[in-house]
Amino acid sequence: MSSATWRNFFTYNKYAQITARAVRQSLKESERVVAEKRGTTALKYQQWENGVGGPQVLLNSEEAKK
Amino acid sequence: MLARRSLARIATQPSPLGAAPKNARNMATLREIELRLKSVKNIEKITKSMKMIASTKLAKAQRAMQSGKQYGLANSEIFQHTPLETPAKRKLFIVVSSDKGLCGGIHSSVSKATRRAIADTEKPVDSDSPIMVIGDKSKVQLSRVLAKNLAMSFSQIGRDIPTFADAAGVADLIVKSDVKYDGISIVYNKFVSAVAYEPEIVEVVGENALKESAGFRAYEMEDDVTKDLAEFSLANAIYAALVEAHACEQSARRNAMDNASKNAKDMIDRLTMQYNRGRQAAITNELVDIITGASAL
């Protein structure tokens, strides 16, 4: 446990989100529906280079592809 | 020669359609006033309903803000005990606004605060400090002035109450990107009251600065844990800023729609007066014509 290898793959925030998702999915149906709303994000981001914006990428679609 | 001829033509010849009836000008104006009246009434309905919606959203947003602020306060506890020895030169500015408009001066207040902070002479910052913008409206404003500094922009936040998942996603992307900075400044609108807001900048200490601060060096901290703490506290600070900015936006939208409805109501009163006066003038003119016609017999 002391030599956690997850740090090689993602940040602590991602780690916390994954564990939170696991907890939410283990709730009873009624509680789960309420909790799912707290974990939704439709975030889109785009990289900028020299004053020009790149394409807008959906954060969650990247994970779904993985 | 041709010009003089055409001028004379316009002056002397009667219009091919015949002389317009005397009341035509008034009636055309009356028709216009009627149309304007109808459209302003529609606008008043729309702004009134938008105000209602914003009021209900404001109540919910304020509750979320009260609980979300605790994250930010807990965060700043740590930073109070780890003061920076040397002020950060290269700051990453995170500008918090939203995608939707019709909310008064929310976006421009945050953009102006960012520009002021970058041009500040008291606490100088690198002029090529990277900026990351949350929200399309501020992104457009800042890309006109500080396009070279823009590093990343985020959107689709603020449609509903921001979730911690949003903030964690943003923090994740910031940490993974290869943008170099000494410290982070989050620029957002602070909720002063239901009718007032003001831009505020909150400092977040980066991982290296945390390691070097006197408070941290007194303890044996593993590097991994410090890194985790820096990332998590960034997500916390972003979350607190997001919920507060969301509440400010709803209150500003409510006030803006309230003012718009008041203005629309004033316009409706004025136009109605004008319309009635015009209508009565037309009727009076017709009466005068009839009476003079009758008395001529």
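Chains as they are written, first to last, in the numbering used here: chain A, 1 to 66; chain B, 67 to 363.
We treat Cβ as the ideally placed atom computed from N, Cα and C, and that holds for glycine.
Please read these numbers as outputs of a predicted model, since none were measured by experiment.
Rounded Cβ spacing between residue i and residue j (contact assumed at less than 8 angstroms)
i, j, result
"B:V236", "B:F220", "6 angstroms"
"B:A322", "B:V162", "That pair is no contact at about 19 angstroms."
"A:T41", "B:T229", "6 angstroms"
"B:K293", "B:E273", "5 angstroms"
"B:I252", "B:A303", "6 angstroms"
"A:T11", "B:K242", "7 angstroms"
"B:A275", "B:G249", "6 angstroms"
"B:I172", "B:C314", "6 angstroms"
"B:S204", "B:V176", "6 angstroms"
"B:S327", "B:K114", "5 angstroms"
"A:N13", "B:A234", "4 angstroms"
Span separating the alpha-carbon of residue i from that of residue j
i, j, result
"B:V365", "B:M116", "Limits of chain B in this structure are 67 at one end and 363 at the other, which puts residue 365 of chain B out of reach."
"A:L43", "B:D335", "45 angstroms"
"B:L212", "B:A179", "13 angstroms"
"A:G51", "A:V57", "18 angstroms"
"B:A262", "B:N329", "20 angstroms"
"B:V268", "B:A301", "13 angstroms"
"B:P190", "B:F298", "28 angstroms"
"B:K111", "B:S142", "44 angstroms"
"B:R319", "A:Y15", "36 angstroms"
"A:K37", "B:T95", "55 angstroms"
"B:Y285", "B:A127", "39 angstroms"
"B:S259", "A:N8", "45 angstroms"
"B:D202", "B:S174", "12 angstroms"
"B:Y254", "B:I240", "17 angstroms"
"B:T350", "B:S121", "48 angstroms"
"B:K157", "B:E151", "15 angstroms"
"A:K65", "B:A231", "Because the pLDDT at A:K65 is just 44, under 50, the model does not fix this residue reliably, and the value given afterwards should be weighed accordingly. Near 19 angstroms, if we compare the C-alpha coordinates of B:A231 and A:K65."
"B:I357", "B:R345", "18 angstroms"
"B:N325", "B:E264", "19 angstroms"
"B:L101", "B:A154", "60 angstroms"
"A:Q25", "A:W6", "21 angstroms"
"B:L168", "B:D192", "33 angstroms"
"A:L27", "A:R21", "10 angstroms"
"A:V33", "A:V23", "13 angstroms"
"A:Q17", "A:L59", "13 angstroms"
"B:M131", "B:G170", "20 angstroms"
"B:V291", "A:A4", "11 angstroms"
"B:E188", "A:G53", "32 angstroms"
"A:S30", "B:T148", "43 angstroms"
"B:S361", "B:L353", "12 angstroms"
"B:K214", "B:L208", "10 angstroms"
Residue i (DSSP reduced to helix, strand or coil)
i, result
"B:Q222", "coil"
"B:M198", "strand"
"A:N50", "coil"
"B:S259", "coil"
"B:L337", "helix"
"B:Y254", "strand"
"B:L353", "helix"
"A:E62", "The pLDDT assigned to A:E62 is 49, lower than 50, so where the model puts this residue is not dependable; a value taken from the coordinates is nonetheless given after this. Three-state result, A:E62: helix."
"B:V206", "helix"
"B:E286", "coil"
"B:V268", "strand"
"A:K44", "strand"
"B:A307", "helix"
"B:G167", "coil"
"A:M1", "Only weak support is given to the placement of A:M1: the predicted model assigns it a pLDDT of 49, under 50, and the value that follows is read from those uncertain coordinates. If DSSP states are grouped into helix, strand and coil, A:M1 belongs with coil."
"A:V57", "strand"
"B:L96", "helix"
"B:L363", "coil"
"B:L103", "helix"
"B:L216", "strand"
Extent of the continuous beta strand (DSSP E) to which residue i belongs
i, result
"B:I160", "157–162"
Endpoints, the alpha helix (DSSP H) within which residue i is located
i, result
"B:T180", "172–184"
"B:F230", "230–242"
"B:L276", "273–278"
"A:S30", "29–38"
"A:R24", "12–25"
Neighbour list for residue i in chain C, Cβ cutoff strictly below 7 angstroms
i, result
"A:A22", "Given the protein chain composition of this structure (A and B), no chain C is represented."
Next on the checklist: With three or more beta-carbon pairs closer than 8 angstroms as the criterion, would you say the region 301–312 of chain B touches the region 132–150 of chain B?
Outcome noted: yes
Item to check | Cβ contact check for the region 168–184 of chain B and the region 216–231 of chain B: 3 or more pairs under 8 angstroms | outcome: no
Next on the checklist: Below 8 angstroms, how does it come out for the region 275–284 of chain B and the region 100–112 of chain B: are there three or more Cβ pairs, yes or no?
Outcome noted: no
Checklist entry - Three or more beta-carbon pairs under 8 angstroms between the region 155–175 of chain B and the region 194–203 of chain B, yes or no? => result yes
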